[in-house]
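**Student:**
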Amino acid sequence: MIRNTQTKNTSTRKFVTTLIGLSVALSLTACDGDDGAQGPQGEQGEMGTPGNDGQPGTPGFAAAQFLISNNGPDNAGTIDLVDQNAAKLKTLSSGNNEGIALDPLNNLVHAGDATTGSLRFLCGIGQRAEDNAFNTIEDREITGANTGLVNPKGIDIAHSAGLVLVADFNGMRISVFGSAAAGDVAPLAETLTDAKPWDLDYDEVNDRLFVALTDGTIAVYDDYVSGGFAAMPARVITPSDDTQSTISVNIHGIVYDRETNKLVVSDVGDAASATDGAIFVIDNAASADGNVSVARSISGPLTLLGNPVDIVLSGTDLRVAEKSNDAILVFSNIFSGPSGDIAPTLTTSSIKPESLAQVTEANNNADASDIATTNVSFNGIAVSGNPAAGADTFGMIAKFNTSLNTQLSGYDYSQSIESVAFDIAGDAYATFDDPDTGTAGILVGNRVAKSRDTESFDTARDRVIAGENTGLVTPKGLDVASNSGLLFVAENNATTPGILVFSLCASGDAAPVLTLNLADNARPWDVDYDASTDRAYVALTNGTVAVFDEVTARMNSGMTTLTAQDRTIIPAVGGTALLAPSNIHGIDFDPASGNLILSDVGSAADATDGKLYVLSAADSADGLTEIQVNIGGANSNLGNPVDIMYSGSDLFVAEKSNNVIMRFDNILASEGGDIAANATISFNAPESVALIPHYISE
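Next up, the structure:
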């Protein structure tokens, strides 16, 4: 029998197909079925097209800010504030065009020679707005025939000594001025140089001055300040190669790194060439002498060094003001690596940069009147005297130890002074009212808290704020706000009493930047500004205290006058205001506790009725405020306690009528009453007391 194989095969294919379809369906719906074997790998596809290169990253420099002094045809007289990558943050205008430096309060000192030789001091540059310019109310200047300045270029500041050191190019000398000086004043000292100096760097720790000379050498002066500003260098360094052949031509920028004892200098070579600049690193700089083989030399077309007119070191990163090629160059790890034609780590366009300075971290120490902790140590307490002319304490600022048993130093203002206060750099501000000449104002003594023992007022170091525009007629107490760059002065005259607020950089006949007027034309004797709350407390001779809130905030918003106090505190006993005569003179607010400490002279003609008060919660008090501590009586020896200062635990008192300085310990916890002071020392007609923390006297 013949079988139909075609039909059979067809049926089989259908059956197999059905089984396959069923298997696929089951595999899609099953939960636990086994995976099938992996099939063979397919052929590899072709490579894709390479992507575009990414943009170069910015070098990872530590966050920092720098100032650039500009000196081009269109930007001379301006200063750019930039970040670590030279990105501009804002531009200010000083009118000067050469070297720049920052003082301990981060105020700018800017040299200039566009017209006549000049040093300009600009206060509070960190708080100044874009395009803010030098002005004679906030700022000051040293210039004029007496200064001897011809072409001041690079400058540096001896911070502790309070000196500005100037490389006067065509004057061929180093000129030295006090950092508080102003006007047409003669320098404190001059050091003639053998070649024209362009820049200098002062090592204050070792009292050593390095001067970059444009003949390719470096003059080194040891014991420069302590030795009376040496006339001749102790050594002259000449950068050389390994064969001792001179390789320097025209040194401009100079910076010394004390930690590594290395010196870095920039050489512009031929000023007309934009390609022949160089940088040299010198080891063992403090003792180097003669022809010295440099540790590293950088030059060549890759460096972009043509006229590297100034340099600044930030860690091991060297920033260069490259004037001919209009750039700020950064060379990282400047102390290590090979010599040769090394490209900068970063190059940023900058039109005709002339000088560089790094903005240092702000000094966050508190002014003596704002100390809010008990762990501050004090170098002493300064006392101003206001006796009749000819007396031994006339015009005197005397410093005593806090035990009140030893006089440490003395400085003579040679004027009839009133109160004294210090900024955190160590400068003294004293109000004066001379009855013989009818003049009044503020005397600024350079570094009186540090190093002026047995010295007297000297315009080469110190300055005066006085004149019709100041409004100063009979100024009394004053307070310094260092970090705000402000000076608060209590003007006591009967016609225009008030608190006059000046820039700390002010000089001459400068007007106040702010005036605080008082309700009912009350007359102030003293003022204490609390920086932490932006609040001013004013001691009034009518027996009350005026309180002004948001003082600098309102000033920064554009206000120049506050018409009246926000609150008036009336000291009271048992809910009743003090009986006349009550005449508040000394005032000190304690930021830590919120207590207000006051001194009351009572009747100025009575040497027995003086008192000390402590009022709590003064930061919010208004109207009648109960006295928590009340000290007075025969044992207290309080008659005319004209000024006070609180240390965080103890209260120092200038008792004028009884010619004594007193200390009352642990005043806030005192039970009050007729108690004696814990320490006293005699002083003829003391007018004010001012504590000197160690951090402003070192």
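Take the sequence shown: its letters are residues -30 to -1, 1 to 668, numbered as in mature numbering (1 follows the signal peptide of the UniProt record, and there is no 0).
Glycine included, every Cβ here is placed at the ideal spot set by N, Cα and C.
(1) Taking contact to mean at least 3 C-beta pairs separated by less than 8 Å, is the segment 319 to 326 in contact with the segment 37 to 51?
(2) The beta strand (DSSP E) spanning R205 covers which residue range?
(3) Quick check on DSSP: helix, strand or coil for P157?
(4) In the DSSP assignment, find the unbroken alpha helix (DSSP H) run with R633 in it and report its ends.
(5) Since L661 and A338 are thought to touch, with beta carbons under 8 Å apart, how far apart are those beta carbons, to the nearest angstrom?
(6) Here's a check: name, in chain order, each residue in its chain whose Cβ is nearer than 6 Å to the Cβ of L(-3), leaving out the five neighbours to either side.
(7) Nearest CA to the CA of R178: which residue from L158, T184 and M202?
(8) With distances taken from CA atoms, which of T578, E596 and S263 is nearest P611?
(9) Expressed to the nearest angstrom, what Euclidean distance is found between the alpha-carbon atoms of L51 and G96?
(10) Among A159, A255 and A352, which one has its Cα closest to the Cα of R205?
(11) Is the number of C-beta pairs between the segment 588 to 601 and the segment 556 to 569 that are closer than 8 Å three or more?
(12) Could you tell me which uninterrupted beta strand (DSSP E) segments, each at least 3 residues in length, are contained entirely in the segment 125 to 174, listed from first to last along the chain?
(13) In this structure, does DSSP put G92 in helix, strand or coil?
(14) At a cut of 8 Å, does the segment 404 to 411 reach the segment 436 to 455 through at least three beta carbon pairs?
(15) According to DSSP, is E108 helix, strand or coil?
(16) Is R228 buried or exposed, if buried means 16 or more other CB atoms sit within 10 Å of its CB?
(17) Are the CB atoms of H555 and A509 nearer to each other than 7 Å?
(18) Please report the straight-line C-alpha distance between F458 and T286, rounded to a whole angstrom.
(19) Can you find the residues in the same chain that come closer than 7 Å, C-beta to C-beta, to S(-8), ignoring five residues on each side of it along the sequence?
(20) Please classify N462 as buried or exposed, where buried requires at least 16 other C-beta atoms within 10 Å of its C-beta.
(21) Quick check on the burial criterion: 16 or more other C-beta atoms within 10 angstroms. Buried or exposed for S39?
(22) Taking the Cβ atom as the reference point for each residue, do K244 and S320 lie within a distance shorter than 7 Å?
(23) Which of the three DSSP states, helix, strand or coil, is assigned to T273?
(24) As a quick exercise: from L119, G197 and Y191, pick the residue whose alpha carbon is nearest that of E68.
(25) Measuring only the C-alpha atoms, how far is T514 from P551?
(26) Of the residues L162, G239, I70 and V155, which one's Cα is nearest the Cα of D171?
(27) S386 and D403 look like a contact to me (Cβ under 8 Å); what is the Cβ gap, rounded to whole Å?
(28) Taking buried to mean at least 16 other C-beta atoms within 10 Å of its own C-beta, is D173 buried or exposed?
(29) For T318, which beta-bridge partners are listed by DSSP?
(30) When the Cα atoms are used, what is the spatial distance from K166 to H222?
(31) As a quick exercise: from Y226, L299, T163 and P209, pick the residue whose alpha carbon is nearest that of F36.
(32) Give, in chain order, every unbroken run of the beta strand (DSSP E) that is at least 3 residues long and sits entirely within the segment 56 to 89.
(33) What's the gap between the Cα of S210 and the Cα of L316?
(34) Between A419 and N512, what straight-line distance do the alpha-carbon atoms span, to the nearest angstrom?
(35) Near Y226, which residues of its chain fall below 7 Å by C-beta distance, leaving aside the five closest residues on each side in sequence?
(36) Consult DSSP for D589 and reduce its assignment to one of helix, strand or coil.
**Tutor:** Quick look at the numbers:
(1) yes
(2) R205 to S210
(3) coil
(4) Note, R633: premise wrong, no alpha helix (DSSP H); beta strand (DSSP E) at V630 to F634.
(5) 5 Å
(6) Because the pLDDT at L(-3) is just 34, under 50, the model does not fix this residue reliably, and the value given afterwards should be weighed accordingly. Result list for L(-3): empty, nothing under 6 Å.
(7) M202
(8) T578
(9) Cα to Cα, L51 sits roughly 9 Å from G96.
(10) A255
(11) yes
(12) 133 to 138, 143 to 148, 159 to 162 and 167 to 173
(13) The sequence shown places Leu at residue 92, not Gly. In the three-state scheme derived from DSSP, where H, G and I count as helix and E and B as strand, L92 is classed as strand.
(14) yes
(15) Note: E108 maps to coil in three-state DSSP.
(16) exposed
(17) yes
(18) 42 Å
(19) With a pLDDT of 37 at S(-8), under the threshold of 50, the modelled position of this residue cannot be trusted, and the question is left open.
(20) buried
(21) buried
(22) According to the sequence shown, residue 244 is Ala rather than Lys. Cβ distance not < 7 Å, so A244 and S320 don't count as in contact.
(23) helix
(24) L119
(25) 12 Å
(26) Residue nearest to D171 within the set L162, G239, I70 and V155 is I70 (criterion: CA-CA distance).
(27) About 6 Å separates the beta carbon of S386 from that of D403, a gap short enough to meet the 8 Å contact definition.
(28) So D173 counts as buried.
(29) DSSP, once it has assigned bridges, lists I298 as partnering T318.
(30) 10 Å
(31) L299
(32) For the segment 56 to 89, whole beta strand (DSSP E) runs of length 3 or above, ordered along the chain, are 58 to 63, 70 to 72 and 78 to 82.
(33) 27 Å
(34) 33 Å
(35) D171, D173, F180, L233 and A255
(36) In the structure shown, D589 sits in coil (DSSP, three-state: anything other than H, G, I, E or B).
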